[in-house]
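First up is the structure itself, then whatever we jot down about it.
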Amino acid sequence: MIKISLKSGTYTFGSLDKNLSTFFDDKIDRDLFIKALMNTGQIEKQGNIFILPETHKYEYTRPKYVDLETYRYAGGGRVGVRVGNEWVDKFGFPSEFYISKIEVDGEMINVKEKPQLSVVKGRYPETIEAWRAEIPSEIRKKYNITPKTKIHMAVKSTTYELFTNLQLWGYRYRVMLMYGETSNGVNPRNLELDGSGFVSETKRDISSDLKRDQRKIKKTIEKLLFNADAEYFSLYEQSKQDGYISDNLEAIPLKEKTSIPPIVQFRDLANKRIIANWESSEKQKIPDYDEFRVNLNLDFGLQRIRGKTKLEKKWGNKSF
């Protein structure tokens, strides 16, 4: 499974591709991941803009060291410090004030106590005083702090960022192989091998995983036909040699792990009937051919259906 967190918001294709390049080296994989996210409804595209919705909020506290001037906090010589709305917009909401140094006679001296100030909401939250804190009287008296005294402070601000969780578990596959026609007209009917419900988890190399999975599914379907009936398999091989095989490969992205029983049907399209039906109980990965069982009586035999056959059974003893 692939799990990625990006900041929520709007992205151009270029900016989204750049952010994903940290996780995918191959541009093809990045394009496939973006396509999968859109198909699973995790991101939305409006024109040339991609919208990543908020899925979770990450809050954190970080210190910021600043020089502030004290001001008249209240009567009786009380002084304090404050930050305005611009501070909040830039650094977040202050949760703690610590006095580090105080200017005395033009020189900054260390404050050994490093007192923590109690932060309260300011009286002018939209402008100069969004948050404020009073300097404790014992510190004020000890260091003779008056209004407009410069103080070096550590201000811890709590801020947050909005993120989008993006994930791709894997793909659900459907592989259809259509054949029947040959260069010498052995069989005019159209036959179809239809494998559906195959699921497979993907990792970082999405493109390679897709190719590998589709090859394995195709091979599994061919082995089922090979083990079931030599004549039908001979016709399949003859059609392949003559270039009359038509295949349709479909890969549907899955956000979550899915359990689906794979099914392979062998159909006679011209006569609208199912020749054979195989099922597997393996739902978490692509099963091998020997993990399938027949759940429908087989109706094989080209000669029985047509009355005679012109096809040599030259593939009957082939080792697959």
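Our numbering puts the last residue of the sequence shown at 338; the count rises by one with no breaks.
Even for Gly, the Cβ is constructed at its ideal location relative to N, Cα and C.
Handout entry: Length at least 3, wholly inside the segment 250-316: the beta strand (DSSP E) runs in chain order
Key = Taken in chain order, the unbroken stretches of beta strand (DSSP E) that lie wholly in the segment 250-316 and span 3 residues or more are 264-272, 281-286, 291-298, 310-312.
Practice task
Taking all protein chains shown into account, decide if Arg100 is buried (16 or more other Cβ within 10 angstroms of its Cβ) or exposed.
Solution key: Arg100 should be labelled buried.
Practice task
Output the boundary residues of the beta strand (DSSP E) element that contains Asp171.
Solution key: What sits at residue 171 in the sequence shown is Met, not Asp. Start and end: 168-186.
Exercise for the section: Please report how far the alpha carbon of Asp85 lies from the alpha carbon of Val138, in whole angstroms. Expected result: Looking at the two C-alpha atoms, the distance is approximately 19 Å.
Problem - Local Cβ density within 10 Å of Tyr250, reported as buried at 16 or more and exposed below that - result: Buried is the call here.
Problem - Runs of beta strand (DSSP E) lying entirely within the segment 116-173, each at least 3 residues, in chain order - result: Fully enclosed beta strand (DSSP E) runs of no fewer than 3 residues occupy 125-128, 137-142, 147-152 of the segment 116-173, in order along the chain.
Handout entry: Own chain, CB closer than 6 Å to Leu211, minus 5 neighbours either side, in chain order
Key = Excluding residues within five positions, the ones whose Cβ falls inside 6 Å are Leu195, Ile239, Phe284.
Exercise for the section: Going by CA-CA distance only, name the one from Ile22, Gly65, Leu243 that's closest to Asn37. Expected result: Scanning Ile22, Gly65, Leu243 for the CA closest to the CA of Asn37 turns up Ile22.
Exercise for the section: Would you mind sorting Thr167 into buried or exposed? The rule is 16 or more other CB atoms within 10 Å of its CB. Expected result: Classification of Thr167: buried, given that the 10 Å Cβ count is 16 or more.
Problem - Leu267 versus Pro280, Gln259, Ile235, residue with shortest Cα-Cα distance - result: When only C-alpha atoms are compared, the closest one is Ile235.
Problem - Neighbourhood of Asp265 by C-beta distance below 8 Å, restricted to the same chain and skipping five residues each side - result: Val193, Met194, Leu195, Met196, Lys236.
Problem - Extent of the continuous alpha helix (DSSP H) run through Ser39 - result: For Ser39, there is no enclosing alpha helix (DSSP H), as DSSP marks it with neither H nor E.
Problem - Distance, Asn103 Cα to Lys132 Cα - result: Rounded to whole angstroms, the gap between the alpha carbons of Lys132 and Asn103 is 25 Å.
Problem - Spatial distance of Gly213 from Phe31 (CA atoms) - result: Approximately 35 Å, taken between the alpha carbons.
Exercise for the section: Evaluate contact between the segment 174-188 and the segment 71-83, counting only Cβ atoms and requiring at least three cross-stretch pairs below 8 Å. Expected result: The segment 71-83 and the segment 174-188 touch, with three or more beta-carbon pairs separated by less than 8 Å.
Practice task
List the endpoints of the continuous beta strand (DSSP E) containing Thr28.
Solution key: First-last of the beta strand (DSSP E) with Thr28: 27-30.
Practice task
Helix, strand or coil for Thr220, going by three-state DSSP, please let me know.
Solution key: If DSSP states are grouped into helix, strand and coil, Thr220 belongs with coil.
Handout entry: Gly198 vs Leu209 beta-carbon contact at 7 Å
Key = Result yes, Cβ atoms of Gly198 and Leu209 sit closer than 7 Å.
Handout entry: Contained alpha helix (DSSP H) runs [length at least 4] in the segment 51-117, N- to C-terminal order
Key = You should have 103-109.
Handout entry: Span separating the alpha-carbon of Pro154 from that of Leu135
Key = Counting only the Cα atoms, Leu135 lies some 7 Å from Pro154.
Exercise for the section: Measure the alpha-carbon distance for Thr28 versus Ile52 and round it to whole angstroms. Expected result: So the alpha carbons of these two residues sit roughly 14 Å apart.
Problem - Asp346, DSSP secondary structure in three states - result: No statement about residue 346 is possible, as the shown extent of the chain runs from 19 to 338 and does not include it.
Exercise for the section: Mind the definition here: the segment 272-283 touches the segment 291-311 only if three or more C-beta pairs lie below 8 Å; say whether that holds. Expected result: A contact is defined here as three or more CB-CB pairs under 8 Å, and the segment 272-283 meets this definition with respect to the segment 291-311.
Practice task
Could you check the C-alpha separation between Lys174 and Lys82 for me, to the nearest Å?
Solution key: Lys82 has its alpha-carbon roughly 6 Å from the corresponding atom of Lys174.
Exercise for the section: Select from Pro271, Arg291, Ser226, Trp296 the residue whose C-alpha is nearest the C-alpha of Gln60. Expected result: Answer by Cα proximity: Pro271.
Handout entry: Residues of its chain near Asp306, where Cβ-Cβ distance is below 7 Å and the 5 sequence neighbours each way are ignored
Key = Cβ-Cβ distances below 7 Å link Asp306 to Thr238 in the same chain, with the five nearest sequence neighbours on each side left out; the list follows chain order.
Handout entry: Through-space distance from Gly65 to Gly124, alpha-carbon basis
Key = Gly124 and Gly65: Cα-Cα distance of roughly 59 Å.
Handout entry: Per DSSP, the bridge partner or partners of Leu228
Key = Beta-bridge pairing links Leu228 to no other residue.
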